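The structure is reproduced here in structure tokens:
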């Protein structure tokens, strides 16, 4: 199937995060994308316009240069519908907070457009990537607005196009903790078989956060750390020599796919730790592993310890 796409003239990015490549669209640009996290990122974070296209419909759009003039391609259909009020969150939020918010809004919104107020300003767009991926996992979210953060929601009024929400939902600290707790099927201290990061694919910036952690913590007790990433990002790292010697810390880069999709992990009979809400949601059903969820630093420290260790919330 990959070969067939190339023979049609497709460009070989083979990543679930095409917004991290030179093909990243611009604000207001009409596109036809088919990967759930990419769809929600393009619509929400960039402000490009696409519906949730299934396999091969995106190819039809590419061949014809046209997409149906409906849904999220049209301004009037991008109005927020459900308001989520985040209360009591940390002023300097962790990655996990964005995952938890995504899980909650996805489940409560289904296919409606959520608007989030009170969301702390993210450290970088990778935190918004994690939020959108989680929302598209527990629901059919294709677009979210975060007031004061995303480009079509400078104000609450703009996000709702001057109208009111159909429903208002409050998200408390307890709700966030509960959403994250449901991602883990094992307790702290459980023996660890592997760590899997990069769902969606790790960005260059995420690598720049991970590599110093590996050098500082120096995991080396036989727990592999798999990192899914795009081939373009991996090539850049290799060209820079950034990965030299990293295998000593158990690092296993994975390109063109993801470890929850196919049998890449060496062991499927134990606990795998991840910082991805999407991976934690899908992996138990797809590859039959038990999952522990934690922030990136938790994952690296757990690999070093050979068991699940997490910082206190």
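Residue numbers (my numbering): -19 to 293. Ideal Cβ placement from N, Cα and C applies to all residues, glycine included. None of these values were measured; they are calculated from a predicted model.
Could you name the residues of the same chain whose beta carbon sits closer than 6 Å to that of residue 116, not counting the 5 residues immediately before and after it, in chain order?
Same-chain partners within the cutoff: 16, 17 and 20.
Quick check on the burial criterion: 16 or more other C-beta atoms within 10 angstroms. Buried or exposed for residue 255?
Note on residue 255: 16 or more other CB atoms within 10 angstroms of its CB, so buried under the neighbour-count rule.
Out of 284, 280 and 275, which has the shortest C-alpha to C-alpha gap to residue 77?
Closest by C-alpha distance to residue 77, out of 284, 280 and 275, is 275.
Just confirm the distance between the C-beta atoms of residue 165 and residue 252, as a whole number of angstroms; I'd bet it's less than 8 Å.
Going by Cβ atoms, the distance from residue 165 to residue 252 rounds to 10 Å, so no, they are not a contact pair.
Output the distance between the C-alpha atoms of residue 132 and residue 44, rounded to the nearest integer angstrom.
So the two alpha carbons sit approximately 29 Å from each other.
Return the chain-ordered ranges of every alpha helix (DSSP H) run that is complete within the region 156 to 222 and spans a minimum of 4 residues.
Entirely contained in the region 156 to 222, the alpha helix (DSSP H) runs reaching 4 residues are, in chain order, 184 to 197 and 211 to 220.
Boundaries of the alpha helix (DSSP H) in which residue 21 is found, first to last residue
Looking at the DSSP string, the run of the alpha helix (DSSP H) that includes residue 21 is 16 to 21.
Use the C-beta contact count for residue 181: other C-beta atoms within 10 angstroms, 16 or more gives buried, fewer gives exposed.
Buried is the call here.
Is it true that the CB of residue 156 sits closer than 8 Å to the CB of residue 80?
Result yes, Cβ atoms of residue 80 and residue 156 sit closer than 8 Å.
Residue closest to residue 246, alpha-carbon to alpha-carbon, out of 91, 218, 172 and 130
Looking at the Cα atoms, 172 is the closest of the given residues.
Do the region 219 to 226 and the region 83 to 91 make contact, defined as three or more Cβ pairs closer than 8 Å?
At 8 Å Cβ cutoff, the stretches do not touch.
Could you check the C-alpha separation between residue 285 and residue 241 for me, to the nearest Å?
Those two C-alpha atoms are separated by around 27 Å.
Checking the sheet assignment: what are the DSSP bridge partners for residue 92?
According to DSSP, which records beta bridges pairwise, residue 92 is partnered with nothing at all.
Given that a residue counts as buried once 16 or more other Cβ atoms are within 10 Å of its Cβ, and exposed if not, what is residue -15?
Exposed: under 16 other Cβ atoms inside 10 Å.
Continuous alpha helix (DSSP H) stretch holding residue 143: start and end:
Careful: residue 143 lies outside any alpha helix (DSSP H) and carries neither H nor E.
Does the pairing of the region 140 to 160 with the region 183 to 201 give three or more beta-carbon distances under 8 Å?
No, because fewer than three Cβ pairs between the region 140 to 160 and the region 183 to 201 fall closer than 8 Å, the two stretches do not touch.
To which residues of the same chain is residue 282 closer than 8 Å at the C-beta, ignoring the five residues directly before and after it?
The answer, listed in chain order, is 172, 175, 203, 253, 272, 274, 288, 289 and 290.
Which residue spans inside the region 216 to 266 form an unbroken beta strand (DSSP E) run of at least 3?
List check, beta strand (DSSP E) in window: 231 to 235 and 251 to 254.
Taking the alpha helix (DSSP H) that residue -14 belongs to, which residues open and close that run?
Under the DSSP assignment, residue -14 falls in the alpha helix (DSSP H) whose first and last residues are -18 to -13.
Specify the secondary structure class of residue 151 as computed by DSSP and reduced to three states.
DSSP, reduced to helix, strand and coil, places residue 151 within a strand of the structure shown.
Mapping the DSSP letters down to three states, classify residue 121 as helix, strand or coil.
For residue 121, the secondary structure class from DSSP, reduced to helix, strand or coil, is coil.
Residues bridged to residue 137 (per DSSP):
In DSSP, residue 137 forms no bridge with anything.
Going by the DSSP bridge assignment, what does residue 271 pair with across the sheet?
Paired residues: 252.
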